[in-house]
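Peer 1:
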Amino acid sequence: MPTNDRFTTLLNALNDAQKEPVLHGDGPVLVLAGAGSGKTRVLTNRIAYLLHKGAATPESILAVTFTNKAAGEMKERLERIVGHSFAHCWIGTFHSLGARILRREAELVDLQRSFNIYDDDDRSSVIKLILKEKNISTDKLAPKMVAYKISNAKSAFINAKEYNEYQKESDIERLIAEIYLRYEEMLRQNNAVDFDDLLMLPVLLFQNHPETLAFYQNKFTHLLVDEYQDTNRAQYLLLKLLAQKHRNLFVVGDDDQSIYRWRGADLRNILDFEKDYADCKIYRMEQNYRSTKNILAAAHSVIVNNMGRHTKQLWTEKQNGAKVQVLEAQSERGEAEFVIEKIQAEFLREKYQSRDFAILYRTNAQSRALEDALRRAGIAYMIIGGTRFYERKEVKDILAYFKVVSNPLDTISMNRIINYPLRGIGEMTLAKLRQHALEQNKAFFDVLGDAEKVPGIGDRVAQKIKDFQRLIRKYIDMKEQFSLTELVNSLVEETGILQNYKAEGTPDSISRIENIRELLNAMHEYAQNQDNATLEGFLEEVSLIADIDSWEDRSNAVTMMTLHSAKGLEFPIVFVCGLEEGLFPLARSHENRDDLEEERRLFYVGATRAKEKLYIAYANSRRKFGTFTPSYPSRFLKELDTGLLEHHVQNNVSYHERPFTGNHRYQRRKSSYDEFNQTMPDYEDFSQEYPEIEIGTRVRHGKFGTGKIVAAAGQGDNLKVTVRFESGEIKTLMVQYAKLQIL
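Each residue of the sequence shown is one higher than the one before, counting from 1335 in my numbering.
1. Hey, Ala1405 and Ile1425: beta-carbon distance below 7 Å or not?
2. What's the gap between the Cα of Phe1994 and the Cα of His1981?
3. With a 10 Å radius around its C-beta and 16 neighbouring C-beta atoms as the bar for buried, classify Pro2078 as buried or exposed.
4. Identify every run of the alpha helix (DSSP H) within the region 1802 to 1859, keeping only runs that are complete inside it and at least 4 residues long; order them along the chain.
5. What are the residues that DSSP puts in a beta bridge with Val1416?
6. Please state whether DSSP places Ile1950 in a helix, a strand or coil.
7. Using C-beta distances below 8 Å, list every residue in its chain close to Ile1850, excluding the 5 sequence neighbours before and after it, in chain order.
8. State the beta-bridge partners of Thr1697 as determined by DSSP.
9. For Glu1413, which residues from the same chain have a beta carbon less than 8 Å from its beta carbon, with the 5 sequence-adjacent residues on both sides left out?
10. Out of Ser1459, Leu1878, Ala1599 and Ser1592, point me to the one whose CA is closest to Ala1490's CA.
11. Please classify Gly1760 as buried or exposed, where buried requires at least 16 neighbouring CB atoms within 10 angstroms.
12. What does a CB cutoff of less than 7 Å around Ala1856 pick up in its chain, not counting 5 residues either side in sequence?
13. Got a sec? Which residues, its chain only, sit under 8 Å from Phe1549 by beta carbon, not counting five neighbours each side?
14. Identify the residues that DSSP records as bridge partners of Phe1584: which are they?
15. Could you tell me which of Pro1536, Asn1698, Thr1840 and Val1460 sits nearest to Arg1437, measuring between CA atoms?
16. In the structure shown, what three-state DSSP assignment does His1429 receive?
17. Compare the C-alpha of Lys1468 against each of Leu1442, Ile1451 and Arg1516 and name the closest.
18. Taking the alpha-carbon of Lys1766 as reference, which of Pro1755, Asn1749 and Ile1470 has the nearest alpha-carbon?
19. Would Thr1427 pass as a contact of Met1408 if the rule is Cβ separation under 7 Å?
20. Can you give the Cα-Cα distance for Met1812 and Thr1819, rounded to whole angstroms?
21. Count the CB pairs spanning the region 1339 to 1358 and the region 1597 to 1611 that are closer than 8 Å, and state whether there are at least three.
22. Whole angstroms are fine: how far does the CA of Tyr1809 sit from the CA of Asp2124?
23. Just the Cα atoms here: how many angstroms apart are Leu1821 and Gln1815?
24. For a test of the three-state rule: what should DSSP assign to Tyr1754, helix, strand or coil?
25. Could you check which residue in Met1762, Lys2037 and Arg1581 has the C-alpha nearest to that of Gly1792?
26. Taking all protein chains shown into account, do 16 or more other C-beta atoms lie within 10 angstroms of the C-beta of His1331, making it buried, or fewer, making it exposed?
27. For Gly1940, collect the residues of the same chain with a Cβ closer than 8 Å to its Cβ; drop the 5 residues on either side in sequence, then sort them by chain order.
28. Suppose the cutoff is 8 Å on Cβ atoms and the five residues either side in sequence are ignored; what does the same chain contact list for Leu1878 look like?
29. For the beta strand (DSSP E) that Thr1896 lies in, which residues bound it at each end?
30. Can you tell me which of the three DSSP states Ser1489 falls into?
31. Got a sec? Which residues, its chain only, sit under 6 Å from Leu1920 by beta carbon, not counting five neighbours each side?
32. Can at least three beta-carbon pairs, one atom from the region 1776 to 1792 and one from the region 1739 to 1753, be found at a separation below 8 Å?
33. Using 10 angstroms around the beta-carbon of Thr2031, count the other beta-carbons present and answer buried if the total reaches 16, otherwise exposed.
34. Using the three-state DSSP reduction, which class does Lys1927 fall into: helix, strand or coil?
35. Whose C-alpha, out of Asp1706, Ile1806, Ala1837 and Thr1840, is nearest the C-alpha of Ser2078?
36. Alpha helix (DSSP H) containing Pro1536: first to last residue?
Listed below in structure tokens is the structure:
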């Protein structure tokens, strides 16, 4: 606990706008904290103030964030301020909070405490099994699309029964509703939950068990929430229920940085906070400590065009700084080379290192040209959002063994490992085992011991199945007797997976061995840092890790990532690439104001990552369907205050500089097209030209909606494409007449 003098020193380090919410008394609070305004400092000092004043005990404080990285930073700051007295506060992500509550109250939601948490890959596996049960081809109904629909429903707090009652629009929607019902049934049979359940089930628990809700309401007298603008319906309800009694809900957020609508975030939660809590106090934190005046002014000149926002404007005591640099290239390759040219120019000033640069883009597909240019230039780079460590095959295989030992009801993990390494147990055998389990009304794991009784399974295969069950049972028993480190080392050794990779002796197998060893290192590290390390605890920690949690600014490499991944980070120099209509903002946002405003917020987030210099790049053409198609500057460029910009045009040999105006004309074109002042043209309509089609491209049709090209044939006027639409229909269309639009 900080002394009076120590706490006075802490308060004196805050500006007035930060100090006011920290010293707030009781009742609901909304802190509108602009980018770089010190929201983490306010949250941690608020907790320290509550403890120092005696307004709350550590056990009565709940603080929730959206990433493990943010939660870890909060804990580190609190330890510096108050020492270990904060240790009994509940500080973590929404999902870790949900998991913690469900572990305690598992029986009330028909779970065992050893339940597993399914990731996206596991969820797809469940859906594929259901599709197979229903004899539905994955070509007709994509598992990822079904998973997305189910996830959106859960985020909106719509359970399977409700979804089934309301989805009557089409055969596909009714089918998805049936799959949702079966999906929930299979999760419970497997003693498993998905990520969305970690939010939805605690709310259902509290709604159905008032006495349990009362326990947590009494326990948590003060709730603090980071990034409130990103909460979905389930998170909103969870907070509302917990805060009902004491009403000490302290939320920090910025509606201008709400960029997760596509995964269920509801902007109304922060915009309507005053309606939900009429007695709330609103504080504004508008002083920015990150960016220069010019960067903030440029970002503001764009975001002010949004209608759905709280009025605010960031300011800073920093200098004006460099003007925002707008880079105009001829193609995506030219854009990439232009960006690298600017990075190299900054290197020559000897002020910056590779780690000081971030390249941000709207879609992952944009990274290819940028990666190629960085490699050619010999510049080290790292990509955030690629294949995560815990998603690599060999890592997931080992984790599947751990999951089955922890929870033998988990048939999804069991399906992954029962024939890995190879045991001669094929898919037909597994189907017979599943059918036998269904007929006998037994758990899948239990029927493995009676494999010889299953019709159609021979003695040799039955013995291998029983050997597998004995292996798992052995480690289930060992789990209670041995340390976590001893358990996992022995299990990995006995599976023979490492020996198999060693026998291969290829560079790929060596890399996989290193990844498995790194997994074991992670588990050993977990065991050392926990007083009571358990297999279940480690699996839960792994399942809640996000992309950005692994980002380390110590790596001396240029950072590349999507704009969504950049949230919460900062860099001296930032490049935002692909500022073109149809790309940023995306084409689908043109017809929907809410979508367009979300794209504008995404630009605002990208721009405010920059501390010293901001570059904005776009290309006049991009390769689409194998040929170059004209691109047109983003409307966000038109919205920028031209007095804050310097414009650079790339020529084939070099580029030249010129003053930037919002309605300049391009000298290289014969057309008098006034590009910045035009509404969005139908330049993505490729019905007039028939370049080589690329499989996998998403398109929109006026009648059939959106879909993906899965096949193409012919050329010129005879070009045909086969499109699988989101409705489930598959159509073969003549490009000449279809008037498809690229998305």
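For every residue, glycine included, the Cβ atom is placed at its ideal position computed from N, Cα and C. Given the structure is predicted, the values throughout are model-derived calculations rather than measurements.
Peer 2: Well, looking at it:
1. yes
2. For Phe1994, the predicted structure reports a pLDDT of 42, less than 50, and the residue's modelled location is therefore unreliable. A value from the coordinates is still provided. Approximately 5 Å, taken between the alpha carbons.
3. Past the boundaries of the shown model lies residue 2078; the chain is included only from 1335 to 2077, so the question cannot be answered.
4. 1818 to 1829 and 1831 to 1838
5. Note: Val1416 sits in no beta bridge, so no partner.
6. strand
7. Glu1728, Val1729, Ile1732, Val1826, Ile1831, Leu1832 and Tyr1835
8. Beta-bridge pairing links Thr1697 to no other residue.
9. Phe1420
10. Ala1599
11. exposed
12. none
13. none
14. Val1363 and Leu1558
15. Pro1536
16. helix
17. Arg1516
18. Asn1749
19. no
20. 12 Å
21. no
22. Residue 2124 lies beyond the residue range present for the chain, which begins at 1335 and ends at 2077; the question has no answer from this structure.
23. 9 Å
24. coil
25. Met1762
26. Since the first and last residues shown for the chain are 1335 and 2077, residue 1331 lies out of range.
27. Leu1694, Leu1897, Ala1900, Val1908 and Val1910
28. Asn1402, Thr1427, His1429, Ser1430, Ala1433 and Ile1451
29. Val1892 to Thr1896
30. helix
31. none
32. yes
33. buried
34. Inspection of the sequence shows that residue 1927 is occupied by Arg rather than by Lys. Here Arg1927 sits in helix by DSSP.
35. A question about residue 2078 goes unanswered here, because the residues of the chain that appear run from 1335 up to 2077.
36. Asp1531 to Asn1542
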